[in-house]
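Residue numbers (my numbering): 44 to 293. Using N, Cα and C, we set each Cβ at its ideal position, and we do this for glycine too.
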Amino acid sequence: MDTAGDGAAAAISKGKEQLDKANQKKDEALSSQQMVDILDVCYDKALQGIPKVSKSVDELAEDYSSKYPTAEKAAKALVANQLVKCTTSGFLTGLGGIITLPVAVPANVSSVLYVQLRMIAAVAKLGGYEPNTDQVQTLVYACMTGQAVADVLKGTGVKLGTKIATASIEKISGATLTRINQKVGFRLITKFGQTGIINLGKMVPLAGGVIGGGFDLVTTNIIAQNALKLFIETTIERSEQNDSDTIGED
């Protein structure tokens, strides 16, 4: 009886099994592109609105625009109300069951993303931008990265704190938009992983999939300030780009 041989064979078999599991886990890891896909679904829902649950971005912006004398006051009032929604578990739970995502993430995560994206897009609309364009959509995503937004926008000519002219936004190239989206996806999966909201190795919720209200409020407020600085503050044309130039390369 070859005990040593059997032991070696068993060890090899076990090692292969562990390697297969590791490779499977690697395949299941949430990628930057999958994160962008999640944002795309939530953004599309935000633009359209959810019947009997929440208004479309256009309707939301129009509602606040009709109640306040300036875009800035309307945007700040909108932001204040959305901050409250991001800490209201009942509201978020109700949204989570409606939004179907291409990747399995906690329902509460999709709800928060929906509210945040809807808020930013509505601020952009109040600022005179069209949220349904690829350029504005990507800048909305950039706002989602919180304190990392300046780094995400680095090299694009877009600066936080300076509302960019709509004509300049239209000139941001497709290649530049792709690079920004890649950075956004990476930043968000890193942020979610560090805070323990999503186990990025298995794509399953941790701690019951509930995001703490404190986390929502702090991060959403940072995101809101990004939106106000990018879409509402005084418009100036780019000094470093000629009006005929395309920003970035296709």
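Taking a cut-off of 8 Å on C-beta distances, the region 112-127 does not touch the region 174-191, as fewer than three cross pairs fall below it. Partner residues in the beta bridge of serine 97, as assigned by DSSP, are Ile93. The alpha-carbon separation between lysine 110 and alanine 118 amounts to approximately 11 Å. It is roughly 21 Å from the alpha-carbon of glutamine 225 to the alpha-carbon of alanine 89. In this structure, serine 75 and phenylalanine 229 form a Cβ contact; the two beta carbons are roughly 5 Å apart against a cut-off of 8 Å. Contact check for lysine 206 against leucine 160 fails: the beta carbons are separated by 8 Å or more. Put simply, the region 165-182 touches the region 200-220. At least three CB pairs are less than 8 Å apart. Annotation for valine 122: the continuous alpha helix (DSSP H) segment containing it runs 114-128.
Between the C-alpha atoms of tyrosine 157 and isoleucine 265 there is a straight-line separation of about 16 Å.
Tyrosine 107 is a Cβ neighbour of leucine 169, given a cutoff of 8 Å.
Taking the Cβ atoms as the reference, methionine 162 lies roughly 17 Å from leucine 203, outside the contact range of under 8 Å.
Ranked by Cα distance from leucine 196, the first of Val227, Leu82, Asp80 is Val227.
Nearest to valine 84 by alpha-carbon distance, out of Glu173, Ser154, Glu115, is Ser154.
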